[in-house]
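Working notes, beginning with the structure itself.
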Amino acid sequence: MTAKEIYNKTMPFVWAKLTLGGATVLISIILFAILMGIGWLFGDGGMLITLIIWIGATSVVRFVIMHYMGYLVKAGHIAIISEAVTTGQVPDNQVAVGKAMVTERFATSNIYFAVDKLVAAAVKQLQNGLQKVGNALDFIPGMSAVTGLGKFFIELSLGYIDECCLGYTFYKKEQGAFQSAADGVVIYAQNWKVLLKNAAKTMGIVLLAMAGVILLSFIVLGLLFKLLHWSSLVAFLLACLIAWTIKFAFIDSWILVRMMVTYMDVAPST
Numbered sequence: 036m037t038a039k040e041i042y043n044k045t046m047p048f049v050w051a052k053l054t055l056g057g058a059t060v061l062i063s064i065i066l067f068a069i070l071m072g073i074g075w076l077f078g079d080g081g082m083l084i085t086l087i088i089w090i091g092a093t094s095v096v097r098f099v100i101m102h103y104m105g106y107l108v109k110a111g112h113i114a115i116i117s118e119a120v121t122t123g124q125v126p127d128n129q130v131a132v133g134k135a136m137v138t139e140r141f142a143t144s145n146i147y148f149a150v151d152k153l154v155a156a157a158v159k160q161l162q163n164g165l166q167k168v169g170n171a172l173d174f175i176p177g178m179s180a181v182t183g184l185g186k187f188f189i190e191l192s193l194g195y196i197d198e199c200c201l202g203y204t205f206y207k208k209e210q211g212a213f214q215s216a217a218d219g220v221v222i223y224a225q226n227w228k229v230l231l232k233n234a235a236k237t238m239g240i241v242l243l244a245m246a247g248v249i250l251l252s253f254i255v256l257g258l259l260f261k262l263l264h265w266s267s268l269v270a271f272l273l274a275c276l277i278a279w280t281i282k283f284a285f286i287d288s289w290i291l292v293r294m295m296v297t298y299m300d301v302a303p304s305t
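Heads up: the sequence shown runs through residues 36 to 305, numbered per the working numbering.
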């Protein structure tokens, strides 16, 4: 099955991610209304304090719902993608099957949640190194744009190592999760040319999609808040949340499918 076919046939997981994102935005709006109401009672100083509290509370809600719960949904998606690539079929009751596969390896999925954060930190270090090089060469016109694209490519090409390895553990059910994870990393490294080539193609599509989502979110909310004479700062923060939610559900799922299909195509024969 092609990446496009798998993406279209596993849309229930995309909708589940969008639902989690919608819940995050809704809770954030409710918290904003409550806290701003409290802050209004104490004047401008109270409004500022409650705004800071709202930003912190929203960050906590976003982490719990989007990062942890969202990661478990993503783990189910990974399990079904792995099944689709290796068998050529997507189960009719894919959500139930994905849930069962994650439950069977619940400890593994939770370990990979921690690994995901470690991979993200490692990728950040590489990006920081690239940024230092870019800063040293900032006298060259357009270097900041080149540096930004380079950092994004690093995130795209290396940020999905743990997801691919988790998919490999679902594929290699007969052996231990640790052994599958260790093998998965080696397989990723051995096929770096194929994976980086795929990441380069994916990056072009993703950049266009992200630009469209961000522009649409900011234009719609910006105009709405301007017409209602509401805070432009709140409009900006909500637009960021909505754009991030759409990216998390649709764009990140597309990247996940593209990277995993390429990986799982070469993994069995490596």
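Idealized CB from N, CA, C, for every residue including glycine. Just so it is clear, the structure is predicted and the values come from calculations on it, not from any experiment.
Asked: Of all the options S179, N163, V220 and G177, which has the alpha carbon lying nearest to the alpha carbon of T301?; Found: A small correction: the amino acid at residue 301 is Val; Thr does not occupy that position in the sequence shown. Comparing Cα-Cα distances from V301 to each of S179, N163, V220 and G177, the minimum goes to V220.
Asked: Count the C-beta pairs between the segment 239 to 257 and the segment 267 to 283 that are closer than 8 Å, then say yes if the count reaches three, no if not.; Found: yes
Asked: Would C199 and M295 be called neighbours here (beta carbons separated by less than 8 Å)?; Found: yes
Asked: Can you check which of these residues, L230, P126, K186 and S94, is closest to I196 by C-alpha distance?; Found: L230
Asked: Is it the case that the segment 175 to 188 contacts the segment 205 to 216, given that we only count it when at least three CB pairs across the two stretches are under 8 Å?; Found: no
Asked: State the Cα-Cα distance for the pair K52 and A216, rounded to the nearest angstrom.; Found: 25 Å
Asked: Considering only C-alpha positions, which residue in the set T297, P303, M299 and V292 is nearest to V49?; Found: V292
Asked: Note down the Cα distance separating L263 from G257, rounded to an integer number of angstroms.; Found: 10 Å
Asked: Going by beta carbon distance, what residues of the same chain come within less than 6 Å of A119, once the five residues before and after it are set aside?; Found: M36, I41 and V125
Asked: Considering just the uninterrupted stretch of the alpha helix (DSSP H) at R293, what are its terminal residues?; Found: D287 to V301
Asked: For F307, name the three-state secondary structure that DSSP assigns.; Found: Residue numbering for the chain in the displayed model covers 36 to 305; residue 307 lies beyond these limits and cannot be assessed.
Asked: Using only CA atoms, which one of I146, F174, K152 and N170 lies nearest to F213?; Found: I146
Asked: Do I116 and G56 have their CB atoms nearer than 8 Å?; Found: no
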